[in-house]
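Presented below is the structure to which this report refers.
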Amino acid sequence: MYIGKYELNSIYNVDCVEGMKHLPDQSIDLVVTSPPYDDLRDYNGYTFDFKHVAQELFRVIKIGGIAVWVVGDKIKNGDRTLISFRHCLHFQELGFNVHDVMIYKKKNTPFMRSNAYTNCYEFMFVFAKGKPKTFNPLKTKTARSGAEKLVYNKKSDGINKKVMGLLNEEKTLTNIWEYAVGLGGSTNDKIAFQHTAIFPEKLAQDHILSWSNENDIVLDPMCGSGTTCKMARMNKRNYIGMEISAEYAQLATERVGLVEPQLF
Ligand SMILES: C[S@@+](CC[C@H](N)C(=O)[O-])C[C@H]1O[C@@H](n2cnc3c(N)ncnc32)[C@H](O)[C@@H]1O
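Per my numbering, numbering of the sequence shown is gapless, rising by one per residue and ending at 265.
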C-alpha cells in the first residue's frame with residue numbers, strides 16, 4: 002500500500018523536508034523521532050532545516066495524531082543551548098498542543114562535568130495536533146496490592162470508618178521514563194551502533210504502544226539506524242522511515258529487515 006509516493010513499511014534515503022512533501026495532508030498517525038541537535042554529533046556533514054521539518058510534520062500528521070520529539074541540549078562555553086526549548090516553542094507556535102514534556106532518563110550516563118551535576122536526561126516532547134485520538138496508558142505494578150482496611154468515610158465527628166477494600170494492582174506510569182543505553186541497553190543489535198546517536202528500542206516501543214494502535218502509520222522522518230521503524234514493525238504498526246544519509250538509510254533497512262514482519 003502506498004501513502005502518496007511512499008510504499009508503507011519501507012525506508013527511504015531522502016531529505017525529509019523534500020520527502021514529506023510527497024506525503025498527503027493528514028496521513029500519519031504518529032511520529033517518533035529525534036533530530037540532529039546542535040553540532041553534538043557529526044551526521045556525515047548534513048545540515049538540518051528545522052523549521053521546514055516542523056512545518057511538514059504539522060501538515061502530514063492526522064488530526065488527533067502525535068509527534069514525539071526526543072531532543073537534548075549541548076553545553077557551549079558553560080551555557081546550555083536550550084535548543085530543546087526553542088524547538089518546543091516553535092512547535093507550539095505552529096499549532097501543536099504541547100501535550101506533555103516527558104523525560105528520557107539514562108541509567109548509565111557517559112558525560113561528566115567538573116563543575117555541574119552529571120546530565121542524565123533528554124526531553125521527549127509529546128506534541129498533539131488537537132486532542133489526542135489514542136492513549137493506551139502503560140502501567141506498572143503498585144508497591145502494595147491485595148486487600149487492606151481502607152478509609153471509607155470521614156463524617157463530621159472526624160472519626161474514620163475503615164472497611165476492607167481492594168488496593169489497585171497497577172497504576173499508570175509517570176512521565177519520566179528510564180532506560181539503559183549502549184549495547185544490551187538501547188538494543189542488542191550490534192549493527193545499530195554503526196550510528197552514533199540511537200535512542201533505546203524500548204523508548205520507541207513505549208511511545209508507539211501509548212499513542213498508536215495496530216495498523217496505524219508511524220513515521221520517523223530522521224530514522225537514523227531505524228529504531229522507530231523496527232519497533233513499529235514488531236508491534237504491528239505500519240512505518241515509513243526517511244534518512245538523509247545513504248549509509249544510515251542502508252543500515253536501517255538492513256536492521257529492520259532482520260525483524261519478521263508482524264503484519265503480512
Ligand atoms: C539523532 S539521529 C536519529 C537516530 C535514531 N532515532 C535511531 O535510534 O537510530 C538523527 C538522524 O537524522 C538524520 N538527518 C539529519 N537531517 C536530516 C534530514 N533533513 N532528513 C532526513 N534525515 C536527516 C541524520 O543523518 C541522523 O541519522
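Heads up, the beta-carbon is just placed ideally off N, CA and C, and yes, glycines get one too.
Taking Cβ to Cβ, would you say residue 123 is nearer than 9 Å to residue 85?
For this step, residue 123 is matched to residue 122 along the sequence shown. For this step, residue 85 is matched to residue 84 along the sequence shown. Against a cut-off of 9 Å, the Cβ pair of residue 85 and residue 123 comes out as a contact.
Can you list, in chain order, the residues of its chain whose CB lies under 8 Å from that of residue 91, leaving out five sequence neighbours each side?
Locating residue 91 in the sequence shown gives position 90, counting from the first residue. Counting only Cβ-Cβ distances below 8 Å, and skipping sequence neighbours, we find 51, 52, 55.
With H, G and I counted as helix, E and B as strand and the rest as coil, what does DSSP make of residue 80?
Position 79 of the sequence shown, counted from the start, is the residue given in the question as residue 80. It is a strand residue.
Coil, strand or helix - residue 162 by DSSP:
Numbered from 1 along the sequence shown, position 161 holds the residue referred to as residue 162. Note: residue 162 maps to strand in three-state DSSP.
Residues that residue 180 bridges to, as DSSP identifies them
Mapped onto the sequence shown, residue 180 falls at position 179. Beta-bridge partners assigned by DSSP to residue 180: 107.
Any non-hydrogen atom of ligand 1 within 8 Å of residue 266 CB:
In this structure the chain extends from 2 to 265, so residue 266 is not present and cannot be described.
Hey, could you find the ends of the beta strand (DSSP E) residue 128 is sitting in?
Position 127 of the sequence shown, counted from the start, is the residue given in the question as residue 128. Unbroken beta strand (DSSP E) run through residue 128: 122-129.
Buried or exposed: where does residue 244 fall if 16 or more other Cβ atoms within 10 Å of its Cβ makes it buried?
Within the sequence shown, the letter at position 243 stands for residue 244. Residue 244 counts as buried, since no fewer than 16 other beta carbons sit within 10 angstroms of its beta carbon.
Tell me residue 148's beta-bridge partners as DSSP assigns them.
The residue you call residue 148 lines up with position 147 of the sequence shown. In DSSP, residue 148 forms a bridge with 167.
Apply the 10 Å Cβ neighbour rule to residue 10 and answer buried if 16 or more other Cβ atoms are within range, or exposed otherwise.
For the purposes of this step, residue 10 is taken as the residue at position 9 of the sequence shown. Classification of residue 10: buried, given that the 10 Å Cβ count is 16 or more.
Do you know how far the Cα of residue 36 is from the Cα of residue 198?
The residue labelled residue 198 in the question sits at position 197 within the sequence shown. The residue labelled residue 36 in the question sits at position 35 within the sequence shown. Roughly 10 Å separates the two Cα atoms.
Where does the unbroken alpha helix (DSSP H) through residue 211 begin, and where does it stop?
By one-based count along the sequence shown, residue 211 stands at place 210. Its alpha helix (DSSP H) spans residues 202-212.
N- and C-terminal bounds of the beta strand (DSSP E) containing residue 68
On the sequence shown, residue 68 is found 67 positions in, with the first residue counted as 1. First-last of the beta strand (DSSP E) with residue 68: 62-72.
Let me check you understand the geometry: is the CB of residue 123 closer than 8 Å to at least one non-hydrogen atom of ligand 1?
Numbered from 1 along the sequence shown, position 122 holds the residue referred to as residue 123. No, since every heavy atom of ligand 1 falls outside the 8 Å radius drawn around the Cβ of residue 123.
Tell me the residue span of the beta strand (DSSP E) that contains residue 244.
For the purposes of this step, residue 244 is taken as residue 243 along the sequence shown, with counting starting at 1. Start and end: 239-244.
Nearest-angstrom Cβ-Cβ length linking residue 164 and residue 126, presumed shorter than 8 Å:
Reading the sequence shown from its first residue, position 163 is the one you call residue 164. Reading the sequence shown from its first residue, position 125 is the one you call residue 126. That belief does not hold up - the Cβ atoms of residue 164 and residue 126 are roughly 43 Å apart, past 8 Å.
Relative to the alpha-carbon of residue 12, which residue among 75, 97, 250 has its alpha-carbon at the smallest distance?
Here residue 12 refers to the residue found at position 11 of the sequence shown. Relative to the Cα of residue 12, the nearest Cα in the group 75, 97, 250 belongs to 250.
Determine the contact status of residue 1 and residue 66, defining contact as a CB-CB distance below 9 Å.
Nothing in the structure corresponds to residue 1, since the chain is present only between 2 and 265.
Alpha-carbon to alpha-carbon, residue 75 and residue 190:
Taking the first residue of the sequence shown as position 1, residue 190 is located at position 189. Taking the first residue of the sequence shown as position 1, residue 75 is located at position 74. Their backbone Cα atoms lie some 27 Å apart in a straight line.
Helix or strand or just coil, what does DSSP make of residue 54?
Looking up residue 54 in the sequence shown gives position 53. Looking at residue 54 - three-state DSSP - the assignment turns out to be helix.
Under 9 Å, do residue 182 and residue 63 count as touching if we go by C-beta distance?
To locate residue 182, count along the sequence shown from 1; it is residue 181. To locate residue 63, count along the sequence shown from 1; it is residue 62. No.
What do you get for residue 18, buried or exposed, if any count of 16 or more other CB atoms within 10 angstroms of its CB means buried?
For this step, residue 18 is matched to residue 17 along the sequence shown. When all chains shown are included, residue 18 counts as buried.
How many angstroms separate the CA atom of residue 44 from the CA atom of residue 226?
The residue labelled residue 44 in the question sits at position 43 within the sequence shown. The residue labelled residue 226 in the question sits at position 225 within the sequence shown. The predicted model places residue 44 with a pLDDT of 47, which falls under 50 and marks its position as unreliable; any figure quoted below should be read in that light. Near 12 Å, if we compare the C-alpha coordinates of residue 226 and residue 44.
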